[in-house]
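Each protein sequence line maps, in turn, to chains E and C. Residues in the first sequence are numbered consecutively from 24, following our numbering. Residues in the second sequence are numbered consecutively from 38, following our numbering. All residues carry an ideal CB built from backbone N, CA and C; glycine is no exception. Predicted, not measured: the structure shown is a model, and the values here were computed from it. Input: a single structure, listed below in structure tokens.
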Amino acid sequence: MKLPYERPTLRRLTAGTLSKFGPQAGAGVRPVAEVAGASVPALLAQFGSPLFVLSERQLRRSAQALRRSFGTRYPRVQLAWSYKTNYLNAVCRVFHQEGAWAEVVSGFELEKALGNGVPGHHILFNGPSKTAADLARAAEVDAVVHLDSFDELRALLAVAAGRPRPVRVAVRVNLDAGLPQRWDRFGFNLENGQAWQAVQQVAAAPDLALVGLHCHLGTFVLEPAAYGTAAAKLAALAQRATHELHQTIDYLDLGGGFPSLNTLKGSYLPGPDLVPDLDEYAAAVAEALLGAGFAPEALPLLVLEAGRALVDEAGYLLGTVLATKQLPDGRRATVLDFGVNLLFTAYWYDHLISPVRADAGRPEPTVLYGPLCMNIDVVRETALLPPLGPGDQLVVHRVGAYNMSQWQQFITLRPNVILLDLQGNSHIIREAETLEYVQQPERVPEHLL
Amino acid sequence: MLFFSQHLGLAGLLLLATFAQPWAGAAGLGAAALAVAGARLGGFRRDWTDLGAYSFNSLLVGLALPLYFAPGWALVGLVGLGAGLALLLSVALGGWLAGRGLPFLSLPFVLTIWLLLLGSHRLPQLLPAEASGAYWLNQAYALGGPPLANAARWVTEADWPALPAAYLRALAAVLLQDSPWAGLLVAAGLLWHSRITFILSLIAFLGTWGLGALTGGATDTYDLGANYVMGAVAVGAVFAVPSAGSYALALASLPLTAVVLAAADALLGAGGTSGGAGLPALSLPYCGTALLLLYVLLLRERPGQWLVLTPVQRYSPEANYYAQLAAPGQRPPLADYLPLGLPFLGEWRCTQGYADGGPTHQGPWGQALDFVVADAEGRTYQGNGLRLSDYYCFDKPVLAPADGVVEAVVQHLPDNAVGEVDTRHNWGNTVVLRHRPGLYSQLSHLRAHSVRVQPGQAVRRGQVLAACGSSGRSPEPHLHFQLQTAPAVGSPTLPYPFEAYLAQAAPASAPPLQPKPVVAATQVEAAPAAAPGELTLLGRPKDAEPLGWLAAGPGRPWRGAARPEVAGAASRSPAVTALPSELEPALGGVAAHQANATNAAPVALAAPATPAGAAMAFALETYTVPRAGQQVQPVRVLPGLARALRLPPGTRLAVQLAENPAAPLVWEVLTDAYNQRYLHCAASGAVAYFELEEALLRFTAYYGPRRGWLRELYLAAYQVPLCYLPAPRPVALPLPLLRLPGLGWLQDVAAPFGQFVRPVFSLQWPGPDPGPAARQLTLRSEVRLRYFGRERRLQAAELTVADGALATLTVHRAGQPPLRLAFSEVSA
């Protein structure tokens, strides 16, 4: 009998099929009743659900680990905390206490950094959208402007004219580091000569002082060698500037993009198995810079704008199950009190989510929905979880990056954010929003009152 | 120079004292002038000429000759001859003895007088001197008639109490005078010049008196006391740094001088007692005693701390003493010291130090260091520590500690699994570098096949040699570092200090280490018995002679790292914010300043200042080695600061008042014959010596007017680390620099036995680490005086460096308007 033709199909792998020992051994089923030494039910009882928790110990550990990885391989390393990743003041200040500078991408973030006590000359001003006012403010506080385009250069020249001291400038470069996806929309391209042109123009401007070169390879870059390539190319550019323009480059900024241990959507392996150690990035970069031919005393400062790799691990989102249901295809579905409104990164990652209760039963694939009345509000399309009932609590791991800056006040209000300090004391670092807070900027025209 | 002094006040009083006998004074002055002129014309060492080293013997000759011969043209000629002879002998003896590190003292004088006395028999023109008393009176009578003669008689024969008179006459006898009045002048001058010398002269005199009383000898022969006093001063205060030990030595020198004196008397027959040559002993006994003791002390192999010979003669016991206090262990221990850097980058922890009784570095292999990387909690690994790559230090680059040539490379041995050791190949993969003949460094337990250099290859300091691993007798990844005198792998170790590094004490109350997953193998790494195979295999040279440091040149003691530190323990936790600032940093690097460092954390951060980063709690260590438990890292020099303070010879700085920029002074950087750099102010003649090391600018001496601007810079930048340290350890300033007549003199008297007046220089960096690219740097410094438990701020200064050059200096003193100076570099 001839079999009927069947079109070949590609089907997405679902979690739980990786281990030959069956779903019991899969990740995510380990119950987690404590985060950073604090009991989850107690925290939820005290601060309400959902709740963001940040561990100061982990923040400091991450910063120290970065310094250790790079500092034991290269003599001059400086961290610039990437504000957009998480600009809660408490978080920023922890990093500043650990010696980090600030990397900001808007006038708003610039003011925030200044408000956190960062001296102007320790602020690196990135980003494609700097207004004339932003540039003037940056020049005033002696921040370093990372130039993104020739138009911005012209705007900056106008701002810099007549100032007592030249405005410090770094040129943002995009380059081919061998990655499949090239980020060429920011800065000046190296390969087509624009970057060199920009360097020349800045060097020729008496009102500007060229202090650095910057590049940013991408986000969640899993290829350490790419950083080595980028470092070598930037170093070559810096040396060309030194030799041809007699322009010393104080620092090379390799940007961020270092991954955290989260699992990217569509990734075959879970993050912890896949993501290279920070040490491997450090080795690639240090190797490239030390071998670039700088005189030992003229080695430029290496600036890193790590964000996610430092803060993701320190953040937890605690939440509660609101309801459960059986979907028509037989899968379990669970409705949680948080969704993509708070967990923006659910669009990017298959977050590791653990139940709190230990004896919940045999794990099975479960769909996790958020509380929004929107079809897109899916936290996990499938996760191995024991059967959960209303009131059961959950812990989402590695949520420190981008969520507390990209979350939305959509449909509902945003919850408390707490910081657990080194002694385990909890501090509210952002209070839960109230109706008054949300409505405070609103104005109702008289005729509608 | 006569009293080992360069003090002008003393010199003036001495001059006055010599004119107690005008003829003698004139002869002395003339002789000294002749000698100086001769030394200059002769082209002898200019610095010694200027110090008076070549002329004081001629002066003495000039002073002495009128004692033996009556005034007249013949005497004038003789004085000229004597001055020349003394100069020749000074130069010759100076050349001969200087090579042995010895001074020639007044030996030329003694020899000259002897020669002249012996030779004078053939010159009938020379008349023997009259008895001085009568001669004196004749002169007085001739000048002023009977009243002056009477006055003079009263003066000379006034009824002095026996003891003080004998003392003063002994002092006068140094100048070959016999008058208590002259002695009084000398005593006043001594007190003015140096309290220590004065006290010591008193002690020596009383000791002599007591000795005489004990032995019943004749101590009232006035000029004999002089030998005792000079001998005691020389060994007790001048050539040794004043201390209880040196005072004891000075006392001990008295009987020695007595013996030499008696023997010289007998031999030479000065008193006509026997058939000697009829020559006076003069200052021979003192020279003999001083040279003997000094030479013996120089030959000590382990000088110790009790009796330190003056490393740099500053011609003032006080200056020597305070300079020694201000710089313990702050000098390279060897003249030909090889600047040695840490063999890694970033923060590492020393797990075994020198002779710490560590488990594996023992016996001849005791002077070695082990390093690992540890995190804030004291763990050396992440995860569960079962894989080598879990260990922080694994695969980290290992650097050349100094320039050298690769002597040996072993890199074929596999890395052990965690917890296992390879006892057959004790050292594992190893690189040995040759830095100098007889000076090798060895880096061991490297990762297999990670060595990037080949035998015979020249390497520069800081070059990556290999990666840290866990081969050989190494249960977990670590780096073993040692210096040795022989090239073979595993030679006996040599103690050798690092030039500079930042260190942080180990947390005293560190959280308990996580239970190690490793087998607790008792690791006896270097004990020869434990590794016979390896050692015999490699052939340990039997005749390897340890050189350097311990067997170093004489008089250069190296004060080790025995420096108790305030445990920077909790300084990583915010609890430290509340640390009371009474944790006072003690003096002279006695205690680290770490606790305060955290208190003084960045002002710019609005948050309560907390121990931002570990970097805050580090203190700069120079010329020492890490101890077990210390967290260490290389110094990261701030390029801008280093450029501003590097001051290469030939640099010219224009200095002017910031408000009134007229008439700048020009300071020039020069070097002297010993290659010591100094700033010289052409207008005032002021001189400030400084040393620039890898990580530190250190002013060492200032000579010049009290109100000079150069002195302001000296005080404001007395010791500046070239790296960011929020509050470096305060350092003691040499007391004479501040010129505090009352308190200072009181302190001088008690100097060798204790210090209760302590001027302290402290530095502070306002704000956070400016980073290497900073345009402007501001340093605040303070000079405080602590005495009797009180503290007074003498001055506060602010030094700014802009764009790699000194910019401004502002000095605030109580009751004075602030002084603002602006600097600019002048092209020559």
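Rounded to the nearest angstrom, how far is the Cβ of residue i from that of residue j, given a contact under 8 Å?
i	j	result
S478(C)	L520(C)	5 Å
G99(C)	A129(C)	About 19 Å separates the two Cβ atoms, so there is no contact after all.
P282(E)	V52(E)	Wrong, their Cβ atoms sit about 24 Å apart, outside the cutoff.
A162(E)	V190(E)	5 Å
L102(E)	G122(E)	7 Å
A207(C)	V147(C)	With 8 Å as the limit, A207(C) and V147(C) do not qualify as a contact, their Cβ atoms being about 18 Å apart.
In angstroms with no decimal places, state the Cα-to-Cα distance between residue i and residue j.
i	j	result
A629(C)	Y660(C)	Bear in mind that a pLDDT of 35 at A629(C), under 50, signals an unreliable position, so the number given afterwards is only what the model happens to contain. Each residue's Cα considered, the two are about 16 Å apart.
L333(E)	Q713(C)	49 Å
S72(E)	Q432(E)	16 Å
Q853(C)	R339(C)	49 Å
Q120(E)	N398(E)	42 Å
Y418(C)	F518(C)	21 Å
L111(E)	I452(E)	7 Å
G400(C)	V662(C)	18 Å
F790(C)	R743(C)	28 Å
Y761(C)	P855(C)	26 Å
N264(C)	S320(C)	6 Å
T252(C)	A299(C)	13 Å
I'd like to know if residue i contacts chain C, where contact means its C-beta is closer than 9 Å to some C-beta of that chain.
i	result
A249(E)	no
V402(E)	no
R30(E)	no
W206(E)	no
W124(E)	yes
D382(E)	no
Y274(E)	yes
Q270(E)	no
R195(E)	no
Would you say residue i reaches chain E, if we count a Cβ-Cβ gap shorter than 9 Å as a contact?
i	result
R484(C)	no
A812(C)	Reading off the sequence shown, one finds Arg at residue 812(C), where the question assumed Ala. Yes, R812(C) lies at the interface with chain E (some Cβ there is under 9 Å from its Cβ).
P809(C)	yes
G527(C)	no
P686(C)	no
A274(C)	no
S426(C)	yes
Counting only the same chain and skipping the five closest in sequence on each side, list residues whose C-beta sits under 6 Å from that of residue i.
i	result
L233(E)	V192, V225, A226 and Q270
S799(C)	P767 and E819
Q448(C)	N466, H486 and V488
V410(C)	W385, Y429 and C430
G443(E)	Reading off the sequence, residue 443(E) comes out as Leu, not Gly. Excluding positions up to five away in sequence, the list reads A59, A61, S78 and S449.
D440(C)	R497 and R498
With a CB to CB cut of under 8 Å and the five nearest residues on each side skipped, what residues in its chain are close to residue i?
i	result
R812(C)	G677, A839 and D840
A360(C)	V349, R351, T737, A738 and P771
So with CB distances below 7 Å, who are the chain A contacts of residue i?
i	result
R186(E)	No chain A is present in this structure, whose protein chains are E and C.
Leaving out the 5 sequence neighbours to the left and right, which residues in its chain are closer than 7 Å to residue i when beta-carbon positions are compared?
i	result
D199(E)	R205 and E214
E310(E)	G251
Check: Should the segment 361-379 of chain E be regarded as contacting the segment 405-416 of chain E, the criterion being three or more beta carbon pairs within less than 8 Å?
Finding: The segment 361-379 of chain E vs the segment 405-416 of chain E: in contact.
Count Cβ pairs between the segment 349-359 of chain E and the segment 320-329 of chain E that sit closer than 8 Å; are there 3 or more? Counting C-beta pairs with one atom in each stretch, the segment 349-359 of chain E and the segment 320-329 of chain E have fewer than three that are closer than 8 Å, which means they do not touch.
For this session: Kindly confirm or deny that the segment 697-705 of chain C and the segment 663-682 of chain C touch, where touching means at least three C-beta pairs closer than 8 Å.
Result: Between the segment 697-705 of chain C and the segment 663-682 of chain C there are fewer than three C-beta pairs closer than 8 Å, too few to call the two in contact.
- Message: Tell me whether the segment 268-275 of chain C and the segment 233-252 of chain C touch, counting them as touching only if at least three CB pairs, one residue from each stretch, are closer than 8 Å.
- Response: Segments in contact, yes.
- Message: Closer than 8 Å is the cut-off here; do at least three beta carbon pairs connect the segment 291-298 of chain C with the segment 104-122 of chain C?
- Response: Too few Cβ pairs lie closer than 8 Å, so no.
- request: Mind the definition here: the segment 66-80 of chain C touches the segment 89-106 of chain C only if three or more C-beta pairs lie below 8 Å; say whether that holds.
  value: Touching, per the Cβ criterion.
Check whether the segment 259-273 of chain E and the segment 298-308 of chain E are in contact - that is, three or more C-beta pairs closer than 8 Å. Contact between the segment 259-273 of chain E and the segment 298-308 of chain E is absent, because fewer than three Cβ pairs lie under 8 Å.
Check your understanding: Would you say the segment 816-835 of chain C touches the segment 663-670 of chain C, given that touching needs at least three Cβ pairs under 8 Å?
Key -> No: fewer than three Cβ pairs fall under 8 Å.
(Q) Assess contact between the segment 333-346 of chain E and the segment 420-427 of chain E, defined as three or more Cβ pairs (one per stretch) separated by less than 8 Å. Is contact present? (A) Segments in contact, yes.
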